[in-house]
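Numbering (our numbering), first residue to last: 65 to 531. We put the CB at the ideal spot given by N, CA and C, even for glycine. Quantities reported herein were computed from a predicted structural model and do not represent experimental measurements. Since the structure comes first, as structure tokens, the remarks are kept for the end.
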Amino acid sequence: MGSQLNSGAAEHHEPLESMSLEPLMTRDYETRPALVYERLRQTHGPVAPVDLLGVPVWLVLGYEEALEVLRNDDAWPKGLENWRAREEGRLPEDWPLAPSLDVNHVLIQGGEGYRGLRASWDAALRPFQDPRQPQAKRLKALIARDADELITLFSQGGRTGWADLSAQFSRPLPLMVASHLLGFPGSQDDDALMDMWRVLDAGPDAGPALERLLAALAELGAWKMKEPGDDFPSYLLAAHPGLSVEELSRELMMLLGMTSDHVGILISNTVVEVIGGNASARASLSAGMIRETMNQVVMQKPPLVNFVPRFPVADTRLGEYTIAAGDPVWVSVGAAHADPAFADKLCPASTISTRAHLAWGAGPRQCPARELATGVAGIGVSRLLDRLSGMELALPVDQLPWRSSPFMRGLRSLPVRYTLADTPAAPTAPAADTGFPPPPGHPPTVGRAERPRSSLWRYLAGLVRGR
């Protein structure tokens, strides 16, 4: 069903705020989101009005409707300044999502400033996403080394054992990779990584952890302005020299947070699909196509289930409703992938996956770090499968515990039993702990073998001892 910008043709409908709304964030949504999507689709069609933690929003369930919104940035822009209820002061002051949406980084930002910022992001990530570049080659070696060190750590008990691959591998690995990209001087990444972990857990200490993390990133940004290096913040500043320390820290927060959670969930979900009975995922993997395997996985279980909101610039017909200008519209990737009009055209037994999934978005605002994220996840999964000759779930697939937020959906834990293979670990990466040359005038970083282990590493070692 198409949409139509209002030129007198869009039909009048009951305002979103006065409609009867089904709460989205329920126990059913956490455990069985597909059933929630189907119930909403049966009631409302491809677009449904829902209550999101006390705020009325539109949820896009249809694949074609999702594409229409994502591809037309002019008609469906981002930018909270376009949210009519927010501008009129009608959002609850204690709305849980306000802090994360108010951080005006590249993922959230609308308006003319976005294009220049996005171009700068593309330029800053290019050295790490282009496999021909030396930075990308060094980063690849570092990812393999970090993955192998994590596997060696949790398998200290012998050739067979038990591990929680979520806590002991999938979540820490992207944090370690993000630390390389950010180029923290010395050991300043230790506390920042642990605080990122606390923020992702969204526990009672998440608020203070976020404050400390933003302060650490601001300090890092100020350092990079004085002493640029071979890292993402320095490249972003070179491409966008007008960024303030505060603006830079917001962008670094986005890189750290989104890369960490998104990639960690992708690793865990891929492992579950491969060892938990997904025939097509195993077939792709057997054919040596790790990226095809991950494409199969994100079609069924995308880590990012709902994109940040967009706001139509005019009253617009979408699905069975007319969306008023300035209403919040959330595109649901999980629901769009399950849309029968789309899913029924896929061949579930095919080794070659479709590239039509929306896991990284679509249109001009497609995720700028998608190659990096896919590369990190691919190396992580490959090292697990190379180093462990046997892995089996320690719980039935339908009993694995999930954690859902309005944005992400991933496993709380991934308990597995494993057997070590005879495959050796990856060769040691370049001597500097970041893997990159130190910035001019900065003392060389101590090699990993010579420096004390970080607080993140000590935490992970504690998980092993506590088994």
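- Under the 10 Å beta carbon count, D269 is surrounded by fewer than 16 other beta carbons and is classified as exposed.
- Listed as beta-bridge partners of V338 by DSSP are no residues whatsoever.
- Here E78 is not near R154, since their CB atoms are 9 Å or more apart.
- About 15 Å separates the CB atoms of V124 and P141; that is not less than 8 Å, and the two are not in contact.
- A residue is called buried once 16 or more other Cβ atoms fall within 10 Å of its Cβ, and D403 is buried on that count.
- Buried is the label assigned to T334, since at least 16 other Cβ atoms lie within 10 Å of its Cβ.
- As summarised for the region 204 to 277, the continuous beta strand (DSSP E) elements at least 3 residues long and confined to that stretch are 224 to 228, given in chain order.
- Looking from the CA of M240, the closest CA among L257, G225 and L524 belongs to L257.
- Taking the Cα positions, F406 is about 42 Å away from L524.
- Taking the C-beta atoms as reference points, L281 is found nearer than 9 Å to L312.
- The beta carbons of W185 and A433 sit closer together than 9 Å.
- Using a 10 angstroms sphere on the CB of D462, the tally of other CB atoms stays under 16, which defines it as exposed.
- Listed in chain order, the beta strand (DSSP E) elements of length 3 or more contained wholly in the region 125 to 168 amount to none.
- In this chain, the beta strand (DSSP E) harbouring V393 covers V393 to V395.
- Straight-line measurement puts the Cα of V114 at about 6 Å from the Cα of W122.
- Ranked by Cα distance from R355, the first of L330, L214 and G340 is L330.
- Going by beta carbons, L459 and A423 fall outside the 9 Å limit.
- Using a Cβ distance threshold of 9 Å, L436 and L189 count as a contacting pair.
- Put simply, the backbone Cα of D486 is about 7 Å away from that of R451.
- For P87, the beta-bridge partners assigned by DSSP are D115.
- Between the alpha carbons of R429 and G221 lies a gap of roughly 46 Å.
- Residues R223, T224, L452, S453 and G454 of the same chain have their beta carbon placed closer than 7 Å to that of T483, with the five preceding and five following residues left out of the count.
- Three or more beta-carbon pairs drawn from the region 162 to 173 and the region 315 to 326 are found closer than 8 Å, and the two stretches are therefore classed as touching.
- The distance from the Cβ of V393 to that of P376 is about 7 Å, consistent with a contact at the 8 Å cut-off.
- When DSSP states are grouped into helix, strand and coil, G454 belongs to the strand group.
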